Amino acid sequence: DDNIVQPALARLEAAIGAASGPPAGPTLADLSCTTGQIAARLSSGWTCLTPRPARVAVTEDVHLLDDGGDGPGGFRAGGNAALAIARDGRPVVVHQIADPLHGGADLATWLCDDVHCTSGSARVLELGAGAVLGDHASIALGASGNPVIAHADASNGFLLAFVCSDATCGGGGATRILDRGDGDRVGSYASIAVGADGVPVIAHQNATLGTLEVFVCADVGCTGGTGRTLDDGKGDRVGAFASIAVGADGNPVIAYGDSTLGALKLFVCGDAHCTRGTARILEVGSGERVGLEASLAIGADGNPVIAHRGSSGVLRLHACGDPSCGTGSSHIVDPDAGSVGRVSVTIDASGTPLVAYRDESRGVVKLATCVDAVCTSARPRVLAVSGSSRIGGASAVAGAADGAVLVVYEDTVNASLMMARAVVVAEDTSLSPPATN
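Printed below as a string of structure tokens:
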């Protein structure tokens, strides 16, 4: 009876509002949840959610990809690792190898022989020859299915791209110097995505000025292009931990940090080539800096989700309430993530976020599985354990062709590129997931 239900809903909402403030969006009385859904109050207002059985990650395998070889002085592999899944289902891993023979560092790939990456081969794409290449490496598939890799020349402060000539980069490719910085250091936190027109778009930071930049390639092969400043910070240092993805409307969105304010920001491009757009502050830390190690993906509903950490060690996920993130909600993924290394987020086949990250204080790599599309709660589990107190380097996560989850990372103790393979199962499965610490 509406005469009974509606007043009761109003009283419930008033009681909750008195305790936690007025809702920013739809009210409880506005909802019309379908069978099987539940009402949930997010920071963006009330919404209907479909509860799913809690799921956890179970490690299937952890194995070595590249130990750097037996070069004089020892080559260190696995730095700044990034991962993509080729159209034939084989993983393609790009990483940095410290090269004591030639000096500096090289940009390299690991070419998997099968979808499980049980075997493969190493290839150097760009020889540093004294320069440190491969910093902040990021990989995306081009219009042809061939990978395009954005990275920084850390020695000269340049933004670079490597355009592979085939689907696994086995046949080499072409090096492009995209932005020399005009005396500034650019290319920091490079992050690449490919638009619907097949043209690569790269977000990065001008580290000298502390600004968020974008480079839009002129064609699919990135033979030229245009760079522009998106957010000058207005006195703040911005652009750290830039992470780019292309939204459902074909326009890029970029998550990044404001180091001065200690905030998580999002730049929403107004067109496919980001000639205009809007910078939004999504979260400001309370007594800590947030927006560190930001990683962005587009959810199944077309809304961005951003995993990031605070300086206190708390790992969070910000789920936008719409494609331009005019509303959103923030939830804790792991309240005790320790000293968190690079964070990486992806969306699984069920539409829920998966967050990979390093817990350096415990020397482990973790994968957290969200219980729903906005990550109202999550189940963090250990995927891999170092033989020492620390696993370092970057981590990257992607869904394998067979439905498994792949995480690549650097074992800094053994100077190696590693891969962990996991499956996500219901929490009450007969399989025993690893402990959380």
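In the working numbering, the protein residues as written are 3 to 439.
C-beta: ideal position from N, C-alpha, C; glycine also.
In this text, all values refer to a predicted model and were calculated from it rather than measured experimentally.
Task: Ranges of the beta strand (DSSP E) found wholly within the stretch 262-346, counting only runs of at least 3 - done: Scanning the stretch 262-346 from its first residue to its last, the whole beta strand (DSSP E) runs of 3-plus residues come out as 265-271, 279-286, 294-300, 306-311, 317-322 and 330-336.
Task: According to DSSP, residues forming a beta bridge with GLN39 - done: Residue 39 sits at position 37 when you count from the first residue of the sequence shown. DSSP output for GLN39 lists no bridge partner at all.
Open item on the list: Using a Cβ distance threshold of 8 Å, determine whether the stretch 300-307 contacts the stretch 232-249, with at least three qualifying pairs required.
Closed with: Below 8 Å, enough C-beta pairs join the stretch 300-307 and the stretch 232-249 to call them touching: three or more.
Task: Proximity to THR213 [Cα-Cα], best of THR231, CYS224, GLY226 and CYS219 - done: As a working mapping, residue 213 is identified with position 211 in the sequence shown. Comparing Cα-Cα distances from THR213 to each of THR231, CYS224, GLY226 and CYS219, the minimum goes to THR231.
Task: Cβ-Cβ distance between GLY106 and GLY81 below 8 Å - done: Your numbering for residue 106 matches position 104 in the sequence shown. Your numbering for residue 81 matches position 79 in the sequence shown. Here GLY106 is not near GLY81, since their CB atoms are 8 Å or more apart.
Task: Spatial distance of CYS171 from THR49 (CA atoms) - done: Translated into the one-based positions of the sequence shown, residue 171 becomes position 169. Translated into the one-based positions of the sequence shown, residue 49 becomes position 47. Spanning the alpha carbons of CYS171 and THR49 requires a straight line of approximately 45 Å.
Task: Residue from ILE204, ASP116, TYR411 and LEU127 whose Cα sits closest to the Cα of SER346 - done: On the sequence shown, position 344 is the one that residue 346 refers to. If we check each option's Cα against that of SER346, TYR411 comes out closest.
Task: Reference CYS377, options VAL335, ALA195, ARG187 and PHE77, closest by Cα - done: Position 375 of the sequence shown, counted from the start, is the residue given in the question as residue 377. Out of VAL335, ALA195, ARG187 and PHE77, the CA that lies nearest to the CA of CYS377 is found in VAL335.
Open item on the list: Taking a contact to mean a Cβ-Cβ separation below 8 Å, would you say ARG89 touches ALA169 in this structure?
Closed with: In the sequence shown, the residue the question calls residue 89 occupies position 87. In the sequence shown, the residue the question calls residue 169 occupies position 167. Cβ atoms of ARG89 and ALA169: closer than 8 Å.
- [ ] Report the option in ALA31, ALA242, GLY264 and LEU180 whose CA atom is closest to the CA atom of ALA220.
- [x] Residue mapping note: residue 220 aligns to position 218 of the sequence shown, counting from 1. Closest by alpha carbon: LEU180.
Task: Through-space distance from ASP186 to ALA424, alpha-carbon basis - done: Residue 424 sits at position 422 when you count from the first residue of the sequence shown. Residue 186 sits at position 184 when you count from the first residue of the sequence shown. Their Cα atoms are separated by approximately 42 Å.
- [ ] Indicate whether LEU162 and HIS153 have their beta-carbon atoms separated by less than 8 Å.
- [x] Taking the sequence shown and counting its residues from 1, one reaches residue 162 at position 160. Taking the sequence shown and counting its residues from 1, one reaches residue 153 at position 151. Yes.
Task: Run of the beta strand (DSSP E) containing PRO355, from where it starts to where it stops - done: Within the sequence shown, numbered from 1, the residue matching residue 355 stands at position 353. Counting along the chain, the unbroken beta strand (DSSP E) around PRO355 starts and ends at 355-361.
- [ ] Can you grab the Cα-Cα spacing for the pair SER398 / SER326, in whole Å?
- [x] Here residue 398 refers to the residue found at position 396 when the sequence shown is read from its first residue. Here residue 326 refers to the residue found at position 324 when the sequence shown is read from its first residue. A small fix is needed here, since residue 398 is Ala in this sequence, not Ser. Each residue's Cα considered, the two are about 25 Å apart.
- [ ] Determine, using beta-carbon pairs with one atom in the stretch 190-207 and one in the stretch 120-136, whether at least three such pairs fall under 8 Å.
- [x] Cβ pair count under 8 Å is below three, so no.
- [ ] Just tell me which of PRO102, PRO149, ASP260 and GLY71 has its CA closest to the CA of SER2.
- [x] The structure shown has nothing for residue 2, since the chain only spans 3 to 439.
Task: Distance, VAL270 Cα to TYR258 Cα - done: Reading the sequence shown from its first residue, position 256 is the one you call residue 258. Reading the sequence shown from its first residue, position 268 is the one you call residue 270. If you take the alpha carbons of TYR258 and VAL270, they lie about 11 Å apart.
- [ ] Compare the beta carbon distance of VAL126 and TRP112 with 8 Å and say whether it is the shorter of the two.
- [x] Within the sequence shown, numbered from 1, the residue matching residue 126 stands at position 124. Within the sequence shown, numbered from 1, the residue matching residue 112 stands at position 110. Their beta carbons are not under 8 Å apart, which means VAL126 does not touch TRP112 by this criterion.
Task: 6 Å Cβ shell around VAL218 - same chain, five flanking residues per side excluded - done: As a position in the sequence shown, residue 218 is number 216, starting the count at 1. Sequence-distant partners of VAL218 (beyond 5 residues in either direction) whose C-beta falls short of 6 Å from its own C-beta, in its chain, are VAL203, GLY227, THR228 and HIS275.
Task: CB contact flag (ARG178, CYS224, <8 Å) - done: The residue you call residue 178 lines up with position 176 of the sequence shown. The residue you call residue 224 lines up with position 222 of the sequence shown. Against a cut-off of 8 Å, the Cβ pair of CYS224 and ARG178 comes out as a contact.
TODO: Report the rounded CA-to-CA distance for GLY147 versus GLY175, giving the unit in angstroms.
DONE: In the sequence shown, counting from the first residue as 1, residue 147 sits at position 145. In the sequence shown, counting from the first residue as 1, residue 175 sits at position 173. Using only the alpha carbons, I get a separation of about 13 Å.
Open item on the list: Since ALA422 and VAL64 should fall inside the 8 Å C-beta cutoff, what is the C-beta to C-beta distance between them, to a whole number of angstroms?
Closed with: For the purposes of this step, residue 422 is taken as residue 420 along the sequence shown, with counting starting at 1. For the purposes of this step, residue 64 is taken as residue 62 along the sequence shown, with counting starting at 1. Your pair ALA422 and VAL64 checks out as a contact, with CB atoms roughly 5 Å apart and the cut at 8 Å.
Task: Classification of ALA198 by the beta-carbon crowding that lies within 10 angstroms, buried from 16 upward - done: Translated into positions along the sequence shown, residue 198 becomes position 196. Exposed, by the Cβ-count rule.
Open item on the list: By the DSSP assignment, the beta strand (DSSP E) with SER121 in it spans what residues?
Closed with: In the sequence shown, the residue the question calls residue 121 occupies position 119. No residue range can be given for SER121, since it is assigned to no beta strand (DSSP E) and is classified by DSSP as neither H nor E.
Task: C-alpha distance - HIS320 paired with VAL240, whole-angstrom precision - done: Here the question's residue 320 lines up with position 318 in the sequence shown. Here the question's residue 240 lines up with position 238 in the sequence shown. If you take the alpha carbons of HIS320 and VAL240, they lie about 18 Å apart.
TODO: Select from THR120, SER261, GLY279 and THR277 the residue whose C-alpha is nearest the C-alpha of GLY287.
DONE: Along the sequence shown, read from residue 1 onward, the residue named residue 287 stands at position 285. When only C-alpha atoms are compared, the closest one is SER261.
- [ ] Answer yes or no: do ASP155 and GLY189 have a C-beta to C-beta separation smaller than 8 Å?
- [x] What you label residue 155 is simply residue 153 of the sequence shown in a count that begins at 1. What you label residue 189 is simply residue 187 of the sequence shown in a count that begins at 1. Yes.
Task: Proximity to GLY365 [Cα-Cα], best of THR354, ALA380 and VAL384 - done: Taking the sequence shown and counting its residues from 1, the one referred to as residue 365 is at position 363. Per the Cα distances, VAL384.
TODO: Return the CA-CA distance between ARG278 and ASP238, expressed in angstroms with no decimal places.
DONE: Residue 278 sits at position 276 when you count from the first residue of the sequence shown. Residue 238 sits at position 236 when you count from the first residue of the sequence shown. ASP238 has its alpha-carbon roughly 20 Å from the corresponding atom of ARG278.
Task: Residues that DSSP places opposite SER193 in a beta bridge - done: On the sequence shown, position 191 is the one that residue 193 refers to. Within the DSSP secondary-structure output, SER193 pairs in a beta bridge with ALA205.
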